[in-house]
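Some notes on the structure that comes next.
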Amino acid sequence: MKTMDGVGLILCRYQASLFGYSVHQRVSSKVFVKKYAHSLLGERMDSAGFLLEAIDVPQAYIEVMRNNKKGGIIYNEQSMEWIGYIYRYICYIYEQPMKKIYGLIKPNELFELYDAYHSLDNELAIKRILEAKGISFENNTNQLEELKKIYKI
19 MKTMDGVGLI LCRYQASLFG YSVHQRVSSK VFVKKYAHSL LGERMDSAGF
69 LLEAIDVPQA YIEVMRNNKK GGIIYNEQSM EWIGYIYRYI CYIYEQPMKK
119 IYGLIKPNEL FELYDAYHSL DNELAIKRIL EAKGISFENN TNQLEELKKI
169 YKI
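Below, the structure written as structure tokens:
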């Protein structure tokens, strides 16, 4: 796990803005997050090198949502911004790709936790979310020991 720094905060704020912008475009929030997680933009944001790109939020939105119909369940802007921020925060501090985090934690789960967790410290909220889902990105020596027992090494 790495410590959040200025670069990470800029990436988190950018992703939060992008997710919030999607609300104003009247597309399904779940569809947007899924398309984003599997997009080249989402993949590029997994690297701090993304900050060297000259792409604003509306351009980024267009890149993700080309030829998509409007409609569906749309979360409120504050929830979407928080969801975007938390996703990127997890990606950054645990050095995991957005696509993987999306596969582990769906946007509807985060939406349901918004009221309870949005006012918590980000790391505490993430710790609770990961614990509740049984997810750990830490090197766990207990798992290694269990594997050794299984394979009698």
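Numbering (the numbering used here), first residue to last: 19 to 171. Idealized CB from N, CA, C, for every residue including glycine.
Worksheet item: If we count the other Cβ atoms within 10 Å of its Cβ and call it buried at 16 or more, is arginine 44 buried or exposed?
Response: Within the sequence shown, numbered from 1, the residue matching residue 44 stands at position 26. Its Cβ having fewer than 16 others within 10 Å, arginine 44 is exposed.
Worksheet item: If we ignore side chains and look at the alpha-carbon of each, how far apart do methionine 98 and threonine 21 end up?
Response: Locating residue 98 in the sequence shown gives position 80, counting from the first residue. Locating residue 21 in the sequence shown gives position 3, counting from the first residue. So the alpha carbons of these two residues sit roughly 24 Å apart.
Worksheet item: From which residue to which residue does the alpha helix (DSSP H) around aspartate 133 run?
Response: Locating residue 133 in the sequence shown gives position 115, where the first residue counts as 1. Where aspartate 133 is concerned, the enclosing alpha helix (DSSP H) stretches over 125-135.
Practice prompt. Quick one: residues in its chain with C-beta nearer than 6 Å to the C-beta of tyrosine 107, no 5 flanking neighbours on either side, listed in chain order?
Written response: Position 89 of the sequence shown, counting from 1, holds the residue named residue 107. Excluding residues within five positions, the ones whose Cβ falls inside 6 Å are Cys30, Asn140.
Item to complete: Could you tell me which residues DSSP pairs with glycine 89 in its beta bridges?
Response: Your numbering for residue 89 matches position 71 in the sequence shown. The partner list for glycine 89 (beta bridge, DSSP) reads Val45.
Worksheet item: By how many angstroms is the C-alpha of glutamate 130 removed from the C-alpha of alanine 66?
Response: In the sequence shown, residue 66 corresponds to position 48, counting from 1. In the sequence shown, residue 130 corresponds to position 112, counting from 1. Computed Cα separation, rounded: 30 Å.
Fill in: Closest Cα partner of leucine 59 within the set Glu113, Ile73, Tyr135, Lys145
To locate residue 59, count along the sequence shown from 1; it is residue 41. Taking only the C-alpha atoms, the option nearest leucine 59 is Ile73.
Worksheet item: My guess is that serine 46 and isoleucine 101 are in contact by the Cβ rule of under 8 Å, so how many angstroms apart are they, rounded?
Response: On the sequence shown, residue 46 is found 28 positions in, with the first residue counted as 1. On the sequence shown, residue 101 is found 83 positions in, with the first residue counted as 1. Wrong, their Cβ atoms sit about 13 Å apart, outside the cutoff.
Practice prompt. Look at the alpha carbon of asparagine 126 and the alpha carbon of leucine 70, and state the distance between them as a whole number of angstroms.
Written response: To locate residue 126, count along the sequence shown from 1; it is residue 108. To locate residue 70, count along the sequence shown from 1; it is residue 52. Near 31 Å, if we compare the C-alpha coordinates of leucine 70 and asparagine 126.
Worksheet item: Got a sec? Which residues, its chain only, sit under 7 Å from tyrosine 112 by beta carbon, not counting five neighbours each side?
Response: Counting from 1 along the sequence shown, the entry for residue 112 is found at position 94. Correct list, in chain order: Met19, Phe155.
Worksheet item: Using a Cβ-Cβ cut-off of 6 Å (strictly less than) and excluding sequence neighbours within five positions of phenylalanine 68, which residues of its own chain qualify?
Response: In the sequence shown, the residue the question calls residue 68 occupies position 50. Excluding sequence neighbours, phenylalanine 68 sits near Arg62.
Worksheet item: In whole angstroms, what separates the C-alpha of arginine 146 from that of histidine 42?
Response: Your numbering for residue 146 matches position 128 in the sequence shown. Your numbering for residue 42 matches position 24 in the sequence shown. Straight-line Cα distance between these residues: approximately 30 Å.
Discussion item. One question on the structure: do tyrosine 174 and alanine 55 come within less than 8 Å of each other, judged by their Cβ atoms?
Written reply: In the structure as shown, the chain begins at 19 and stops at 171. Residue 174 is therefore absent and cannot be evaluated.
Practice prompt. Find out if the Cβ-Cβ distance for the pair isoleucine 238, leucine 122 is shorter than 8 Å.
Written response: With the chain covering only 19 through 171, there is no way to say anything about residue 238.
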